[in-house]
Each structure stands twice: as C-alpha cells, then as structure tokens.
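J.: So for the sequence shown, my numbering puts the first residue at -2; every next one is plus one.
Every residue gets a Cβ at the ideal spot worked out from N, C-alpha and C, and that includes glycine.
Given the structure is predicted, the values throughout are model-derived calculations rather than measurements.
Just passing along the structure, written as structure tokens.
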Amino acid sequence: MADGLEKLEAAAQDFRREADFDFVDPKRLAAVIDGLQGDLCKVLDRGRQRGDYQLARLSPASWAARTCAMSRHSAADRLCVGMHLDSMPETSAALANGEIGYQAASALCHLRDQLGDRWQPDNEAEMVGYARRFSLEHFHACCRHARHVADPDGFDKDCAQDFERRWLNVDPMLDGMHSVDGVLDPVTGAAFRTALDSLAVWRGPEDTRNHGRGWPTPWPSCSTTT
C-alpha cells in the first residue's frame, strides 16, 4: 500500500516538473483529481471504521479535518461519500472513469444517506445518467426532487430546518459602502442567484463592467429595478 502511494506521489511530482501548463487539458486534470478525491473518501472511511479518530480523541469529522487540513464541513462530506461509495457501483465507476465529477458523486452519496432504507439501488444508473448530462446546479435540483418524491416527510422537515437557519446582515461601512453577509435557504438562494445572473449577462461592447470579479457589478442594476 505504501509503495502505491509513493508511486502516486512520484507521478504527481513528475507531472508538476514536466507538464507544460499552457497545454494541459483542465477537464482531464479535473477528472483525475476528482477520482483521487473518491479514493481519499474511501481511505478516510477505512480510518473511521478502524477507530483512528478515537486514538486522537476526536470526532470522526474533526479527525478527518485535522488529518487532511480541511474544514469540518468538507471532512464530513468526505466521510459521507466514503461510507456509501463502495455500495454504489455505478457512481463509483463513473467517478473513477472521469464520467462525472466529485461534486456530483457527493450529491448522490448524500442522497443515499438521506434516504436510508428508502434508497432504491435500481435507480442509481438513471441518476448517474442525469449526472453525466446535467450541469451540477441542475443535478442538485434533480437530487432534491428525488428526495422529495422518495421521502416527502423528511424533505419537508429539512426544508423547515433550512428556513430556521436563514440570516442576512447588511451593514453600512465608514466609506458609504455596505457589507452583505448571510445564509439563504435553497429556494431563496436559487432565486437570488438567478436574479443576479440575469443582470450579469454581457450586454455588448458598451458594457464595461468587470465580469471577472463575479457578481458585485449587477448590484446597482438590481437596486434600481426592485
């Protein structure tokens, strides 16, 4: 096992040393990285099963976060994926072959975790097919719909909890600008993002807004049209 990891480390070093980043296909590179993320999830799950977190006197998520230098939220996600990936052959194969990305595989594993006994293995191939064809945003919506159909009570309970977690702060700054920070539920967040995306569309040569900076530029238009 150690020899395999050493070969992977050496291959990564060779790639960084020899690759011309101007000609590296980002899609292929992302597929390799996402496949390795799936492997990391399995490794962390094996450690959880062995009780490695108990030796460190930490929760599984805290142990994974400290071990892999990531947030507890990201660590909990990796543990969830690692727990279910081996029992989801279609998802595991598609991730390993670069047919779907890690985030799509994660969404499927979380759906599997949420449904519990209601999960239907026969539907996995269909869901993986959606993951191949849909954008990540649309696939997340697909998973939410599948959750609602299979477990409406659990879905409604989670939605109620999401609404309880919402908050939004708009604070004036000394220079007249405003700081905006908050957490939105999925429905409100999707509507908010759709509104901003529609305002951020490039309007032609006369549009001199800096789109590379993301969403801040549509705000003036948003404020004058609401």
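For I97, count neighbouring C-beta atoms within 10 Å of its own C-beta (all shown protein chains included) and say buried if the count is 16 or more, exposed if not.
T.: The residue you call residue 97 lines up with position 100 of the sequence shown. That one is buried.
J.: How about C106 and H81: do their beta carbons lie closer than 8 Å?
T.: Position 109 of the sequence shown, counting from 1, holds the residue named residue 106. Position 84 of the sequence shown, counting from 1, holds the residue named residue 81. Yes, these two residues count as a Cβ contact at 8 Å.
J.: Taking buried to mean at least 16 other C-beta atoms within 10 Å of its own C-beta, is G113 buried or exposed?
T.: On the sequence shown, position 116 is the one that residue 113 refers to. Result: exposed.
J.: Assess, as a yes-or-no matter, whether the segment 120 to 134 is touched by the segment 82 to 91 under the definition of 3 or more beta carbon pairs within less than 8 Å.
T.: Output reads yes: the segment 120 to 134 touches the segment 82 to 91.
J.: Looking at F131: is its Cβ nearer than 8 Å to the Cβ of C140?
T.: Residue 131 sits at position 134 when you count from the first residue of the sequence shown. Residue 140 sits at position 143 when you count from the first residue of the sequence shown. For F131 and C140, no; Cβs fall outside 8 Å.
J.: Leaving out five residues on either side along the sequence, give the residues of the same chain with a beta carbon under 6 Å from the beta carbon of L2.
T.: Start at 1 with the first residue of the sequence shown, and residue 2 comes out as number 5. Here the set comprises nothing.
J.: Check whether the segment 43 to 52 and the segment 16 to 30 touch, using three or more Cβ-Cβ pairs below 8 Å as the test.
T.: Contact between the segment 43 to 52 and the segment 16 to 30 is absent, because fewer than three Cβ pairs lie under 8 Å.
J.: Can you tell which of P57, A28, K154 has its C-alpha closest to the C-alpha of R40?
T.: As a working mapping, residue 40 is identified with position 43 in the sequence shown. Here residue 40 is Val; the residue named in the question, Arg, does not match the sequence. Selected option, being the one with the closest Cα: P57.
J.: So the candidates are M170, L165, D155, V29; which of them puts its Cα closest to the Cα of V180?
T.: Along the sequence shown, one-based indexing puts residue 180 at 183. Ranking the options by Cα distance to V180, first place goes to L165.
J.: For L133, which option in R14, H145, Y99 has the closest C-alpha, if you only look at C-alpha atoms?
T.: Within the sequence shown, residue 133 is the residue found at index 136, counting from 1. Here the closest residue by C-alpha is Y99.
J.: With H, G and I counted as helix, E and B as strand and the rest as coil, what does DSSP make of L165?
T.: Numbered from 1 along the sequence shown, position 168 holds the residue referred to as residue 165. Strand at L165.
J.: Would A128 and A93 qualify as a contact pair, given that the criterion is a beta-carbon distance under 8 Å?
T.: Position 131 of the sequence shown, counting from 1, holds the residue named residue 128. Position 96 of the sequence shown, counting from 1, holds the residue named residue 93. Their beta carbons are not under 8 Å apart, which means A128 does not touch A93 by this criterion.
J.: What distance in whole Å lies between the Cβ atoms of R115 and A90, which are believed to be in contact at a cut-off of 8 Å?
T.: By 1-based counting over the sequence shown, the position of residue 90 is 93. By 1-based counting over the sequence shown, the position of residue 115 is 118. Actually they do not touch by this definition, with Cβ atoms about 23 Å apart.
J.: Determine whether the beta carbon atoms of S59 and R75 lie at a separation below 8 Å.
T.: Mapped onto the sequence shown, residue 59 falls at position 62. Mapped onto the sequence shown, residue 75 falls at position 78. Cβ distance not < 8 Å, so S59 and R75 don't count as in contact.
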